[in-house]
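Note that this note's numbering has the sequence shown beginning at 806, numbered continuously upward.
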Amino acid sequence: MKLVTIALLAFLVQPGFASETVKGAKKDLEVFKQDMAVELKEVEKKLEVLSVKAAKKSDKAYTETVKDLTEKREKLRKELNTLEADSKGKWKKAKSDIASSLNSLNEKIQKALKD
Numbered sequence: 806m807k808l809v810t811i812a813l814l815a816f817l818v819q820p821g822f823a824s825e826t827v828k829g830a831k832k833d834l835e836v837f838k839q840d841m842a843v844e845l846k847e848v849e850k851k852l853e854v855l856s857v858k859a860a861k862k863s864d865k866a867y868t869e870t871v872k873d874l875t876e877k878r879e880k881l882r883k884e885l886n887t888l889e890a891d892s893k894g895k896w897k898k899a900k901s902d903i904a905s906s907l908n909s910l911n912e913k914i915q916k917a918l919k920d
């Protein structure tokens, strides 16, 4: 009887636990999206500064760099907008990939701003 009760409790508790896990992942996703949106706004401001510098310098290579960085920003924005918390493993990888890409983009922008 105890074994049946334990098995029944385990069966009943799991769906609730899974539901909470999904809710937690969705909340984490929304917080991540908000944080990345703020970061992308900062990137946008820096890209505007770079665009002005490129126009003043009339340097084709510099202009191409700004164009490339702008395209990367747009790609990140699209990835962020389509991101969903499908599964824990996919979500963690996607979160890590987007954060890494944004960091890389920021580093390239900082380097270009120094030129």
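The beta-carbon is built from N, C-alpha and C at its ideal position, and this holds for glycine as well.
Outcome for residue i when other beta-carbon atoms lying within 10 angstroms are tallied against a minimum of 16
i: Val836; result: exposed
i: Leu907; result: buried
i: Leu918; result: exposed
i: Ala866; result: exposed
Simplified DSSP assignment, three categories, for residue i
i: Asp756; result: Residue 756 lies beyond the range of the chain shown here (806 to 920); nothing can be said about it.
i: Leu888; result: coil
i: Ala873; result: For clarity, residue 873 is Asp in the given sequence; the question names Ala instead. If DSSP states are grouped into helix, strand and coil, Asp873 belongs with the helices.
i: Ala904; result: helix
i: Asp920; result: coil
Beta carbon of residue i nearer than 8 Å to that of residue j
i: Leu910; j: Leu881; result: yes
i: Leu874; j: Ile903; result: no
i: Arg878; j: Leu834; result: no
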